[in-house]
Every structure is written in C-alpha cells, then in structure tokens.
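Encoded as structure tokens, the structure appears first; notes follow it.
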Ligand code: FES
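Residue numbers (the numbering used here): 345 to 518.
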C-alpha cells in the first residue's frame, strides 16, 4: 500500500466514525421523545371550567387527568350541614373550610376511596346516601355534602384536587 493512499484511508475511517455517531444520536432522540408526555397529556394537565351554567343545587362532572371531578354548587342548607357537624363524628377528620375555597363550590375527585368506583349523587335524581352528598353502591359508602366519608368501608374523604379561582365564575383544576 502506497503512502499516497493513507490520507484517503484516514478520511474513510473518519467519515464512518462520524456516521456512526449520527446513527447513535438518531437512536437516542426517539427514545427520549417517547419518555416525554404526549401533547394530549400536556393539554389535560390543567383544565378551566366555567361555573356560571351550574345552578345552585346541581353538579357538573368534568374529566381531569383521566379522572372524574365533581363540581357541586352547594345550597345554603348543604353548606350548613357540612359546617355544623361535630368533627369527632368523622371517620377522616377534616373541617369543611379545609376542603373548599368558596363555601358554595365543592370540587372533589369523583373516585370512591374504597376501591375506586364513581359514586352516585351527581344527578338530582340520584341516591345521595344518608348524608346528602354521594353514595357508592358497590359496597355502600356514604359521603356528606363536603365529600367526607361518613359511613361504609371507604377510609378517606373524596380527594380535593389542586385548583384555583381565576374569576368568581371560573376555576382552573391542576
Ligand atoms: S368502591 Fe365505593 S364503597 Fe367500595
């Protein structure tokens, strides 16, 4: 092999190493991109809800991060019964004021804390259980008008998701 061929051989070696590097990089990029949350997931990370169409005494169910969220426009007597309770009677002790940002609006995940069923109580005609909130018929958990567990096998209150009021009639969950 003549000495004249050497620079050409070096060039070929260098070119193939560079291509190898590009190949490795292109393998890494799709792998990393599959670990990023998809656009759908990002879009659902937070959701804004207009509360103005929900009349007093009625509820709305929205889906946030794949879970139902119950938004209840509470009536005066529902607020009173949530606040007047003796805290010692509760299974999962929590004052109503720690569960709401505004008394007339209760926002909770509609997921029973027993085994994850969706409790009844969103429709005005639904069975709302013994405490006027929600009733989970699969094993008989009763929730009050603050979404607190009052009777049955569920161990915890309905969870309050993170949310803020953007205006008097608009909230952002997540
Ligand atoms: S899942 Fe609700 S009572 Fe069992």
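The beta carbon of each residue, even a glycine, is placed where N, CA and C say it ideally should be. Only a predicted model underlies this, so the values are computations on that prediction, with no experimental measurement involved.
Please report the residue range of the alpha helix (DSSP H) in which residue i lies.
i	result
residue 421	420-427
DSSP puts residue i in a beta bridge; with which residues?
i	result
residue 577	Summary: the structure shown does not reach residue 577, with the chain confined to residues 345 through 518, and so no result is reported for it.
residue 514	394 and 511
Should residue i be listed as close to the ligand FES, given that the test is whether its C-beta is under 8 Å from any heavy atom?
i	result
residue 397	no
residue 425	no
residue 497	yes
residue 458	yes
residue 412	no
residue 491	no
residue 483	yes
residue 506	no
For residue i and residue j, which I take to be in contact (beta-carbon distance under 8 Å), what is that distance rounded to the nearest angstrom?
i	j	result
residue 502	residue 452	4 Å
residue 449	residue 415	7 Å
residue 402	residue 468	7 Å
What's the call for residue i, buried or exposed, on a 16-neighbour Cβ count within 10 Å?
i	result
residue 486	buried
residue 488	buried
residue 445	exposed
residue 410	exposed
residue 392	exposed
residue 396	exposed
residue 496	buried
residue 363	A caution first: residue 363 carries a pLDDT of 38, below 50, which makes its placement in the model unreliable, though a value can still be read off. It counts as exposed.
residue 440	buried
What residue does the beta strand (DSSP E) around residue i start on, and which one ends it?
i	result
residue 453	449-453
residue 479	476-480
residue 494	493-495
residue 413	411-417
residue 486	485-488
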